[in-house]
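K.L.:
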Amino acid sequence: MEYFAEGQRRHPQMAWIAGRLDWSARQKVAVYYSEMPVPEGSGSSIECGEIELYQQGDPARGLPSCASCHGEDGAGVGQGNPPLAQQPAPYLEKQLKLWAEGERYGDPNNAMTRISRLLTENEMKGLANYSSALPDANAYPGPPEACLPARRPDPRNGA
Numbered sequence: 001m002e003y004f005a006e007g008q009r010r011h012p013q014m015a016w017i018a019g020r021l022d023w024s025a026r027q028k029v030a031v032y033y034s035e036m037p038v039p040e041g042s043g044s045s046i047e048c049g050e051i052e053l054y055q056q057g058d059p060a061r062g063l064p065s066c067a068s069c070h071g072e073d074g075a076g077v078g079q080g081n082p083p084l085a086q087q088p089a090p091y092l093e094k095q096l097k098l099w100a101e102g103e104r105y106g107d108p109n110n111a112m113t114r115i116s117r118l119l120t121e122n123e124m125k126g127l128a129n130y131s132s133a134l135p136d137a138n139a140y141p142g143p144p145e146a147c148l149p150a151r152r153p154d155p156r157n158g159a
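Have a look at this one:
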């Protein structure tokens, strides 16, 4: 929302909304949306080529792997490399197209602009479907009682 408020990302409705909210209100909106349930996957088939492209890239075309910045599991690696896992495929595909068209900003060194321009539309769609289908690595494995204890008790004294 910061990028929309600052004009670094362009979307008429989002710019209007973000521009009228102060920082605290934008944080509350972000928390609200982050806690919404993730929609089910699109059910689209995933081709081997997209898996290879995501995990290994295409060195012959100067295309790095998505995993190098977004992680093999799609959870994101470091600051500025957001998670892709469980994001809706149409959203991811649209963002790739916006990067390629020069309508999306805010990535370090314009890496996504350069990378997205090397992708075909079919590759964008396939990568979006693959990324969307990755399991959410940051999700909790279950209720606390379903999780293993943080450490095993000492067999000598139970402590």
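Numbering follows the UniProt record's numbering, with no gaps: position 89 of the sequence shown is 89. Cβ coordinates follow ideal geometry from the N, Cα and C atoms, glycine included. Keep in mind that this is a model prediction, so the values were computed, not measured.
So which of Ala15, Ala128, Pro12, Met112 has the shortest CA-CA distance to Gln87?
P.N.:
For the purposes of this step, residue 87 is identified with residue 87 of the sequence shown, where counting begins at 1. Closest option to Gln87, Cα to Cα, is Ala128.
K.L.:
Among the candidates Arg26, Arg104, Gly74, whose CA atom is the shortest distance from the CA of Gln55?
P.N.:
Numbered from 1 along the sequence shown, position 55 holds the residue referred to as residue 55. Measuring from the Cα of Gln55, the nearest candidate turns out to be Gly74.
K.L.:
Bridge partners for Leu134 per DSSP, in chain order?
P.N.:
On the sequence shown, residue 134 is found 134 positions in, with the first residue counted as 1. Note: Leu134 sits in no beta bridge, so no partner.
K.L.:
Go to Glu2, then tell me how far its alpha helix (DSSP H) extends in each direction, as first and last residue.
P.N.:
In the sequence shown, counting from the first residue as 1, residue 2 sits at position 2. Where Glu2 is concerned, the enclosing alpha helix (DSSP H) stretches over 2-6.
K.L.:
For Ser116, which of Glu72, Asp22, Leu53 has the nearest alpha-carbon?
P.N.:
Here residue 116 refers to the residue found at position 116 when the sequence shown is read from its first residue. Nearest of Glu72, Asp22, Leu53 to Ser116, Cα basis: Leu53.
K.L.:
Just reading off the alpha helix (DSSP H) that Leu93 is part of, what are its end residues?
P.N.:
Reading the sequence shown from its first residue, position 93 is the one you call residue 93. First, the residue type needs correcting, since residue 93 is Glu and not Leu in the sequence shown. From DSSP, the alpha helix (DSSP H) with Glu93 extends over 89-100.
K.L.:
Of the residues Tyr3, Pro37, Met124, Gln13, which one's Cα is nearest the Cα of Leu63?
P.N.:
Position 63 of the sequence shown, counting from 1, holds the residue named residue 63. Nearest of Tyr3, Pro37, Met124, Gln13 to Leu63, Cα basis: Met124.
K.L.:
Does DSSP put Gly41 in a helix, in a strand, or in coil?
P.N.:
For the purposes of this step, residue 41 is identified with residue 41 of the sequence shown, where counting begins at 1. Bear in mind that a pLDDT of 49 at Gly41, under 50, signals an unreliable position, so the model cannot answer this.
K.L.:
In this structure, how does DSSP classify Leu63 when only helix, strand and coil are distinguished?
P.N.:
By one-based count along the sequence shown, residue 63 stands at place 63. Three-state result, Leu63: strand.
K.L.:
Can you name the start and end residues of the alpha helix (DSSP H) that Tyr32 belongs to?
P.N.:
Position 32 of the sequence shown holds residue 32. Note, Tyr32: alpha helix (DSSP H), 23-34.
K.L.:
What separation, rounded to the nearest whole angstrom, lies between the Cα atoms of Met14 and Gln8?
P.N.:
Position 14 of the sequence shown holds residue 14. Position 8 of the sequence shown holds residue 8. Approximately 12 Å between the Cα atoms of the pair.
K.L.:
Which residues in the same chain have their Cβ closer than 8 Å to the Cβ of Ala30, if we skip the five residues on either side of it in sequence?
P.N.:
If you number the sequence shown from 1, residue 30 lands on position 30. Once the five neighbours on either side are set aside, the close Cβ partners of Ala30 are Met1.
K.L.:
Provide the residue(s) that pair with Asp58 in DSSP beta bridges, ordered along the chain.
P.N.:
Position 58 of the sequence shown holds residue 58. Asp58 pairs with Leu63.
K.L.:
Could you tell me the alpha carbon to alpha carbon distance between Gly126 and Ala133, rounded to whole angstroms?
P.N.:
Looking up residue 126 in the sequence shown gives position 126. Looking up residue 133 in the sequence shown gives position 133. So the alpha carbons of these two residues sit roughly 11 Å apart.
K.L.:
Which of the three DSSP states, helix, strand or coil, is assigned to His70?
P.N.:
Here residue 70 refers to the residue found at position 70 when the sequence shown is read from its first residue. Looking at His70 - three-state DSSP - the assignment turns out to be helix.
K.L.:
Please report the distance separating the alpha-carbon of Glu35 from that of Gly78.
P.N.:
Counting from 1 along the sequence shown, the entry for residue 35 is found at position 35. Counting from 1 along the sequence shown, the entry for residue 78 is found at position 78. Between Glu35 and Gly78, the C-alpha separation is close to 21 Å.
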